[in-house]
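Novice:
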Amino acid sequence: MSKPTPKTTPGQRVAELLRELSTRKRVYPSWIDKHRQNPKTGISAEDAAHRIAVVEEVIEDMYQLYPALRPVEQGNLFGRDEGRRYPPTHLDRP
Numbered sequence: 007m008s009k010p011t012p013k014t015t016p017g018q019r020v021a022e023l024l025r026e027l028s029t030r031k032r033v034y035p036s037w038i039d040k041h042r043q044n045p046k047t048g049i050s051a052e053d054a055a056h057r058i059a060v061v062e063e064v065i066e067d068m069y070q071l072y073p074a075l076r077p078v079e080q081g082n083l084f085g086r087d088e089g090r091r092y093p094p095t096h097l098d099r100p
């Protein structure tokens with residue numbers, strides 16, 4: 007008996023988890039405000055923080071299982087802000 011192939015790739019799953027995390031971080035603040043106005047609606051700050059933490063931990067688990075999916079942080083060749091120096095005349099422009 008052969009093992010069924012998954013319908014999605016690990017990269018697709020991580021991308022979906024990242025979208026979900028972004029959505030939660032965007033909408034939960036307004037849901038928390040609704041909960042503060044009426045505790046029967048919205049979501050508590052503690053529940054929101056827990057739900058966000060769960061998704062972050064699942065993403066980290068996926069990165070542990072599939073290290074190649076972890077985004078690579080690019081180093082700065084010039085050190086901190088060294089490459090962003092402007093000549094003094096730049097500040098004199100209108």
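Everything in the sequence shown is counted per the working numbering, starting at 7 for the first residue and increasing by one.
The beta carbon of each residue, even a glycine, is placed where N, CA and C say it ideally should be.
Between I68 and R42, what straight-line distance do the alpha-carbon atoms span, to the nearest angstrom?
Specialist: The residue given as residue 68 occupies position 62 in the sequence shown. The residue given as residue 42 occupies position 36 in the sequence shown. According to the sequence as given, residue 68 is Met; it is not Ile. Whole-angstrom Cα-Cα distance: 34 angstroms.
Novice: In chain order, what residues of the same chain lie with their CB nearer than 6 angstroms to the CB of Y34, ignoring the 5 residues before and after it?
Specialist: Here residue 34 corresponds to residue number 28 of the sequence shown, with the count starting at 1. Only A54 meet the Cβ criterion.
Novice: If you reduce the DSSP assignment to three classes, tell me which class Q70 lands in.
Specialist: By 1-based counting over the sequence shown, the position of residue 70 is 64. Helix.
Novice: Look at R30 and I65 and say whether their C-beta atoms are less than 7 angstroms apart.
Specialist: In the sequence shown, residue 30 corresponds to position 24, counting from 1. In the sequence shown, residue 65 corresponds to position 59, counting from 1. No, these two residues do not count as a Cβ contact at 7 angstroms.
Novice: Taking Cβ to Cβ, would you say L75 is nearer than 7 angstroms to V20?
Specialist: Taking the first residue of the sequence shown as position 1, residue 75 is located at position 69. Taking the first residue of the sequence shown as position 1, residue 20 is located at position 14. In contact: L75 and V20 (Cβ atoms closer than 7 angstroms).
Novice: How would you write the range of the alpha helix (DSSP H) that T29 sits in, first residue to last?
Specialist: Reading the sequence shown from its first residue, position 23 is the one you call residue 29. P16 to Q43 is the extent of the alpha helix (DSSP H) around T29.
Novice: Report the three-state DSSP secondary structure of R57 (helix, strand or coil).
Specialist: Mapped onto the sequence shown, residue 57 falls at position 51. Helix, per DSSP.
Novice: Could you work out which residue in Q80, W37 and G81 is closest to S50 when comparing CA atoms only?
Specialist: The residue labelled residue 50 in the question sits at position 44 within the sequence shown. The option with the nearest alpha carbon to S50 is W37.
Novice: Could you check how far apart the C-beta atoms of V78 and E26 are, in whole angstroms? I think they sit under 8 angstroms.
Specialist: Position 72 of the sequence shown holds residue 78. Position 20 of the sequence shown holds residue 26. The beta-carbon separation of V78 and E26, rounded to 22 angstroms, does not stay under the 8 angstroms limit for a contact.
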